[in-house]
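Residue numbering for the sequence shown is 6 to 107, as defined by the working numbering.
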Amino acid sequence: MPIPDVEILNKLGAIMHVALRIPEAEVIPDARIFDDLGAESIDILDIRFRIEEAFGFKIDEGEIMRSIDPDKGFEELKDQFTIGATAAFIRQKLDQLEQGHA
Numbered sequence: 006m007p008i009p010d011v012e013i014l015n016k017l018g019a020i021m022h023v024a025l026r027i028p029e030a031e032v033i034p035d036a037r038i039f040d041d042l043g044a045e046s047i048d049i050l051d052i053r054f055r056i057e058e059a060f061g062f063k064i065d066e067g068e069i070m071r072s073i074d075p076d077k078g079f080e081e082l083k084d085q086f087t088i089g090a091t092a093a094f095i096r097q098k099l100d101q102l103e104q105g106h107a
């Protein structure tokens, strides 16, 4: 049975709370991880490892950003790197795992 999207968002909120030391209430789908939540590049490694641990799959370096748009670089995607985009990435990876493709 797939994990409900609300559970993904709740787990992601808890991850961001710990990694970025922010209130979980700030972790809303439209929140930009760098500009709104104050993440720095080094924080992304911590967030990535926490996502891997919480959801049980590996994430390649840059994979989350490529899932937003594989043809654009980091600076171009920075504003699109949101909680919602990250949750969508997690959903996609979980669906692939369930189908045996991850």
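Backbone N, C-alpha and C fix where the C-beta goes; we use that ideal spot for every residue, glycine too. As the structure is a computational prediction, the values presented were derived from the model and not from experiment.
In the DSSP assignment, the alpha helix (DSSP H) including residue i goes from what residue to what residue?
i, result
"I95", "88-103"
"E80", "79-82"
Is the Cβ-Cβ distance between residue i and residue j less than 9 Å?
i, j, result
"I88", "D35", "yes"
"F54", "I95", "no"
"A92", "I13", "yes"
"R37", "D74", "no"
Would you identify the three-state DSSP class for residue i, choosing helix, strand or coil?
i, result
"R37", "strand"
"V32", "coil"
"E66", "coil"
"A59", "helix"
"G18", "helix"
"A24", "helix"
"E12", "helix"
"L50", "helix"
Got a sec? Which residues, its chain only, sit under 7 Å from residue i by beta carbon, not counting five neighbours each side?
i, result
"I8", "L99"
"F79", "M70"
"L102", "F62"
Straight-line CA distance for residue i to residue j?
i, j, result
"I20", "E81", "25 Å"
"L50", "V11", "24 Å"
"K16", "Q97", "16 Å"
"V23", "G105", "31 Å"
"R31", "S72", "Going by the sequence as given, residue 31 is Glu instead of Arg. Distance between the alpha carbons of E31 and S72 is about 23 Å."
"E68", "E29", "24 Å"
Tell me which residues share the same chain as residue i and place their Cβ nearer than 8 Å to its Cβ, disregarding the 5 neighbours each side in the sequence.
i, result
"G43", "L25, I27"
"E57", "K63, I64"
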